[in-house]
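Numbers given in our numbering equal positions in the sequence shown, counted from 1, plus 148. Below is one structure, written out as structure tokens; the observations come after it.
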Amino acid sequence: MAKDLFQKCRDYNDSAAARAQGFYPYFRCIDESIGNHVICGGERKIMIGSNNYLGLAQDPRIVEASVEATRKFGAGCTGSRLLNGTISLHNDLEQALAAFLGREEALLFSTGFFANQGALAALTEAEDVILCDRENHASIIEGCQVALAKLVPYKHNSPEALRNRLKRIPDESGRLIIMDGVFSMSGDVANLPPMIAAAKEYDAIMYVDEAHSLGVFGPQGKGVVHHFGVNDEVDIVMGTFSKSFGSMGGFVSGSREMIEFLKHKARCFIFTASLAPAVTGGVLKALEIMQSEPERIELLWRNTRKMHEGFRSIGFNIGSTQTPIVPILIGSEAKAFAFAQRLFEEGVFAIPAIYPAVRYGEAIVRTSFMSTHTEEDLDMVLDIFAKIAKELGTFDDPAYTEPGRRRNVFDFALPKRVGVEEVRGDSGAVARNGSGLHAAVSG
Ligand SMILES: Cc1ncc(COP(=O)(O)O)c(C=O)c1O
Numbered sequence: 149m150a151k152d153l154f155q156k157c158r159d160y161n162d163s164a165a166a167r168a169q170g171f172y173p174y175f176r177c178i179d180e181s182i183g184n185h186v187i188c189g190g191e192r193k194i195m196i197g198s199n200n201y202l203g204l205a206q207d208p209r210i211v212e213a214s215v216e217a218t219r220k221f222g223a224g225c226t227g228s229r230l231l232n233g234t235i236s237l238h239n240d241l242e243q244a245l246a247a248f249l250g251r252e253e254a255l256l257f258s259t260g261f262f263a264n265q266g267a268l269a270a271l272t273e274a275e276d277v278i279l280c281d282r283e284n285h286a287s288i289i290e291g292c293q294v295a296l297a298k299l300v301p302y303k304h305n306s307p308e309a310l311r312n313r314l315k316r317i318p319d320e321s322g323r324l325i326i327m328d329g330v331f332s333m334s335g336d337v338a339n340l341p342p343m344i345a346a347a348k349e350y351d352a353i354m355y356v357d358e359a360h361s362l363g364v365f366g367p368q369g370k371g372v373v374h375h376f377g378v379n380d381e382v383d384i385v386m387g388t389f390s391k392s393f394g395s396m397g398g399f400v401s402g403s404r405e406m407i408e409f410l411k412h413k414a415r416c417f418i419f420t421a422s423l424a425p426a427v428t429g430g431v432l433k434a435l436e437i438m439q440s441e442p443e444r445i446e447l448l449w450r451n452t453r454k455m456h457e458g459f460r461s462i463g464f465n466i467g468s469t470q471t472p473i474v475p476i477l478i479g480s481e482a483k484a485f486a487f488a489q490r491l492f493e494e495g496v497f498a499i500p501a502i503y504p505a506v507r508y509g510e511a512i513v514r515t516s517f518m519s520t521h522t523e524e525d526l527d528m529v530l531d532i533f534a535k536i537a538k539e540l541g542t543f544d545d546p547a548y549t550e551p552g553r554r555r556n557v558f559d560f561a562l563p564k565r566v567g568v569e570e571v572r573g574d575s576g577a578v579a580r581n582g583s584g585l586h587a588a589v590s591g
């Protein structure tokens, strides 16, 4: 009898076990969103688990622009951009983005995930190498898996490690270096200038994913590339509308010829329906508001500074974050789940992140803040975190009491596949695969 592909589904019980223990944290249903608060099961919760940095997702002007676009073009485009799915709003948004970011051209994708996957797969060939920060987002890892090029991971944010990798690549291989502008779990900012210097030395293309930096860094929220003043030195800037723009969809920007090539070669662009009119109209309006209301970005940073100081003064380890993404180190997976559950009960919506999203043994509650959070919201969040940490003995966890435990454990999960070069030595341990939920459930 042939192998039963469904056996693994029958065997899977991590989520059921977490539910049975009363701390399953995922798929929490939101019945209503009121900006910085949400209603779940009739109860109001402070939302600190979204990427709605500028509070634009519920902005009535954006909602209205979405409705208007729907009235004019319908609920969907029912086809690929290449064929019947291009509407004038797509072209308007691409032009507006390119002008905003100072790029020659931009190309919309239906999600940020597709933008990374489509660009990486189209731009590289079997003899090429993609150099990938070990803390890059899953969409980049997935893009590297789909691309025929060899994937070479390098130590997070380290120009020395990047150089070490670059110098081993033969001349006949094209090199593409890709990194998050702001890393989605740690909140670290890309160490761009020295990375660019290394890229230049070895003739490599630079690709920056600005998912969490647009609307947050740089003048008018133009991202880390503008924050560091290196726009001319970065070949590809990618972004998504699922964070500061408060919507969904993504884009890639760069030279005219590269965009022309992607338009005809990126499979995630060609073989999928285009961005819905509602989304496109809404994002156009969001881009306009982002530029005309810089005070939102100032408020975001005021709230960010307050929370960095607040969490640190309670005694939490928030790592090296420099952004509104504030990872609260909890340590054990089980405790991170319990912590998130208690937060929810106390009226705070935040999600735990466990291995493989973060290093093993360093589970976090990932918090992220918005320009629209009030002082009162934020003070309440800090009080609740302090209370729960005391209750659960968070600061007694080995992650706090035994710093040595975490040394040399760098186990970012890169799924094994032919063509993936497993680079050890940067930080020791080899990538481990697996379900973090399992670890949480089994303690
Ligand atoms: C750094 C980064 N890149 C890309 C993506 C994918 O974006 P999207 O949600 O638009 O698919 C995300 C989403 O979480 C992200 O954090």
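All C-beta atoms, glycine included, are put in the ideal place defined by N, C-alpha and C.
Opening and closing residue of the alpha helix (DSSP H) in which residue i lies
i	result
VAL177	With the sequence shown as reference, residue 177 is identified as Cys, and Val is not the correct amino acid for it. From DSSP, CYS177 is part of no alpha helix (DSSP H); its letter is neither H nor E.
ALA309	307 to 314
ASN264	260 to 271
ILE418	415 to 418
ALA537	523 to 540
LEU139	This structure cannot settle anything about residue 139, because the visible part of the chain is limited to 149 through 591.
ASN239	236 to 249
VAL294	286 to 294
ALA165	162 to 168
VAL506	Premise fails: VAL506 is in no alpha helix (DSSP H) and is neither H nor E.
Proximity winner among the options, relative to residue i (alpha-carbon distances)
i	options	result
MET354	ALA345, VAL215, HIS360, LEU362	ALA345
SER181	PRO173, PHE171, ALA205, ALA166	ALA205
SER228	ILE187, ALA421, ARG323, TYR508	ALA421
ILE384	ALA166, PRO546, ALA246	ALA246
SER304	ASN184, ALA295, ALA482, LEU279	With the sequence shown as reference, residue 304 is identified as His, and Ser is not the correct amino acid for it. Cα-wise, what sits closest to HIS304 is LEU279.
ILE445	GLY203, GLN169, ASP179	GLY203
GLU539	ILE499, GLY250, ALA486, TYR548	ALA486
PHE417	LYS348, GLU405, GLY260	GLY260
VAL373	LEU435, ARG323, PHE248	PHE248
GLY183	LEU324, HIS521, ILE407	HIS521
ILE466	VAL513, GLU283, PHE492	VAL513
MET438	PHE389, GLY377, SER403, LYS454	PHE389
PHE331	ILE288, HIS412, GLY250, CYS292	ILE288
ALA498	VAL474, GLY479, SER321	VAL474
ILE462	PRO425, ASP527, LEU423	ASP527
ARG176	ALA286, PHE492, GLY377, SER519	PHE492
GLU273	GLU524, GLY291, ALA286	GLY291
ASN339	PHE171, ILE178, PHE154, PRO307	PRO307
PRO425	ARG415, GLU212, ALA223, ILE317	ALA223
PHE262	PHE399, ALA484, ASP179, GLY495	PHE399
LYS483	ASP207, TYR548, MET149, PRO318	TYR548
SER198	VAL186, GLU191, GLY190, PRO208	VAL186
VAL529	LYS193, ARG167, ASP162	LYS193
Sheet register partners of residue i (DSSP bridge)
i	result
VAL385	VAL356, SER401
HIS185	ILE182, ILE194
VAL474	THR515
GLY548	In the sequence on display, residue 548 carries Tyr and not Gly. TYR548 is not bridged to any residue.
VAL337	VAL330
PHE497	MET195
GLY479	ALA511
Host beta strand (DSSP E) of residue i (start-end)
i	result
ILE210	From DSSP, ILE210 is part of no beta strand (DSSP E) but of the alpha helix (DSSP H) over 208 to 221.
LYS454	No beta strand (DSSP E) holds LYS454; the alpha helix (DSSP H) holding it covers 443 to 462.
LYS156	It is not in any beta strand (DSSP E) - LYS156 instead sits in the alpha helix (DSSP H) that spans 155 to 159.
GLU253	253 to 257
ASP328	323 to 328
VAL277	277 to 281
Cβ pair residue i, residue j closer than 8 Å
i	j	result
ALA270	LEU410	yes
ALA511	GLU481	yes
GLY429	SER258	no
LEU256	GLU242	yes
TYR201	GLY363	yes
HIS360	THR471	yes
MET386	ALA267	yes
PRO504	ALA488	no
LYS433	ILE210	yes
MET327	ASP281	yes
PHE543	ALA537	yes
VAL431	SER395	yes
VAL108	VAL300	Given a span of 149 to 591 for the chain in the structure shown, any question on residue 108 remains unanswerable.
LEU447	SER519	yes
ASP240	HIS285	no
ALA244	LEU435	yes
LEU310	TYR302	yes
ARG404	GLU252	yes
TYR160	ALA166	no
**Asked** Whose beta carbon lies closer than 5 Å to any heavy atom of ligand 1, going through the chain in order?
**Response** THR259, GLY260, PHE261, HIS285, SER287, ASP328, SER332, ASP357, ALA359, THR388, SER390, GLY398
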